[in-house]
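A.B. asks: Got a structure for you, questions after.
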Amino acid sequence: MSGVTDLPFRQLAFRYGAGLVVTEMVASRELVFNAAESWSRLKGAGLDPHMVQLAGREPRWIAEAARIAEANGADIIDINMGCPAKKVIGGYAGSALMREPETALAIIDATVKAVNVPVTVKMRLGWDDQSKNAPELAKAAEGLGVAAITVHGRTRMQFYEGRADWDAIAAVRDAIRIPLIANGDVESRDDALEILRRSGADAVMLGRACQGRPWHVGVVAGHAAPAPASIPVIAEEHYRMMLEHYGAEVAVRHARKHVAWYLERHGAKLDDAQRAAIMTSKDPEFVAVRLRQALSQALESQCEEAA
Ligand SMILES: Cc1cc2nc3c(=O)[nH]c(=O)nc-3n(C[C@H](O)[C@H](O)[C@H](O)COP(=O)(O)O)c2cc1C
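Residue numbering for the sequence shown follows the working numbering, beginning at 680 and increasing consecutively.
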């Protein structure tokens with residue numbers, strides 16, 4: 680997830696049992712032309728396998744970016760055909776590619792030919808209700824040598840509205856023999872078992888349910904959850920990993936959404952002034968310590984309520 684699954688987030692998800700984690704989408708052309716942010720998104724230290732997602736609209740740039748990613752340690756290349764954002768679809772990238780199957784297949788073909796590592800594709804059900812072409816596109820992608828397909832059970836026009844249609848993913852299952860990964864609105868282990876049953880998929884991908892708890896994908900996969908008492912410690916460690924990864928100035932801004940997710944998800948009880956102090960502070964030491972304290976206090980009050 681763009682802006683979320685950076686290296687620190689993926690390292691934590693992996694540590695707590697995620698089987699596979701994927702980078703934020705990396706803009707292909709920007710990577711080829713050396714944009715610092717694209718290079719930062721490419722990093723995968725300590726992750727095995729290291730899966731890199733590329734976005735773009737031109738076969739040659741995606742193929743070249745895939746070569747660069749492979750040369751820099753990517754074990755799997757994923758192609759983004761699911762992002763609904765205007766910035767991405769404006770230039771026929773992301774889910775707009777589902778409306779341009781010829782371009783989509785040219786991109787896939789060029790990428791598969793460019794690298795030795797497996798290439799996978801992430802898509803939606805289609806552009807809108809009238810054009811749910813994921814089964815055909817997935818089958819054609821399989822024919823070009825793609826190793827696995829992920830389907831988010833919404834159309835592009837749904838953006839993130841409504842509920843993901845887990846049954847509709849089954850049409851892709853019927854069309855392909857390669858592994859299928861089902862995605863959309865999975866929150867719990869029960870949800871994961873249900874999406875597997877309804878879609879016939881081989882694996883499940885989680886996104887937003889992991890915000891404020893990077894260990895959650897491991898928990899859904901059957902690993903033990905971290906003890907509640909360690910959550911404040913993990914949150915502080917996560918924050919410090921971001922400081923290390925981005926450098927303090929950038930990290931303080933990037934980390935704010937993670938801080939907000941931790942506070943919200945784990946029931947921190949802060950008044951407006953306390954909350955604003957954490958959310959607007961430019962002092963990383965202050966934020967790291969206050970985040971841990973706020974989560975510890977939340978934990979204590981939950982224990983008292985339970986006692
Ligand atoms: C903030 C945000 C950023 C996202 N960035 C990406 C991305 O870079 N690549 C991608 O394939 N999907 C991206 N997605 C879509 C998610 O991977 C996923 O398909 C979608 O959120 C549905 O799954 P979920 O209900 O488990 O979150 C993003 C979603 C969100 C909310």
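Even for Gly, the Cβ is constructed at its ideal location relative to N, Cα and C.
#1: Restricting to Cα atoms, I'd like to know which of Glu983, Asp846 and Gly752 is closest to Lys722.
#2: With Val865 as the anchor, note down where its alpha helix (DSSP H) starts and where it stops.
#3: In this structure, how does DSSP classify Met730 when only helix, strand and coil are distinguished?
#4: Looking at C-beta atoms only, is the number of pairs between the stretch 815 to 827 and the stretch 905 to 916 that lie closer than 8 angstroms three or more?
#5: Taking DSSP as the reference, what is the three-state secondary structure of Asp788?
#6: Sorted by chain position, which residues of the same chain lie with C-beta nearer than 7 angstroms to Val896's C-beta, five sequence neighbours on each side aside?
#7: Return the CA-CA distance between His902 and Met704, expressed in angstroms with no decimal places.
#8: For Arg919, which residues does DSSP report across the bridge?
#9: Compute the Euclidean distance between the alpha carbons of Ser707 and Arg887, then round it to the nearest angstrom.
#10: Could you tell me whether any non-hydrogen atom of ligand 1 is closer than 7 angstroms to the CB of Ser681?
#11: Closer than 7 angstroms to a non-hydrogen atom of ligand 1 - does that hold for the CB of Gly897?
#12: Less than 8 angstroms between the CB atoms is what I'm expecting for Gly863 and Trp940, so what's the real figure, rounded?
#13: Measure the C-alpha to C-alpha separation of Gly769 and Pro814 and round it to an integer number of angstroms.
#14: With DSSP as the reference, identify every bridge partner of Thr834, one or two as the case may be.
#15: Quickly, what does DSSP pair Val705 with across the bridge? List them, please.
#16: For the candidate residues Trp845, Leu922, Leu733 and Val701, whose alpha-carbon lies nearest to that of Phe965?
#17: CA-CA distance, Met730 and Glu984?
#18: I want to check one thing, is the minimum distance from the CB of Met921 to the heavy atoms of ligand 1 below 7 angstroms?
C.D. replies: Taking the structure as given:
#1: Gly752
#2: Note, Val865: premise wrong, no alpha helix (DSSP H); not H, not E.
#3: strand
#4: no
#5: helix
#6: Ala692, Ala697, Leu885 and Cys889
#7: 27 angstroms
#8: In the DSSP output, where bridge partners are listed per residue, Arg919 has none listed.
#9: 24 angstroms
#10: yes
#11: no
#12: Going by Cβ atoms, the distance from Gly863 to Trp940 rounds to 19 angstroms, so no, they are not a contact pair.
#13: The predicted position of Gly769 is uncertain, since its pLDDT is 49 and thus under 50; no value can be drawn from it.
#14: Gly805
#15: Leu733
#16: Leu922
#17: 43 angstroms
#18: no
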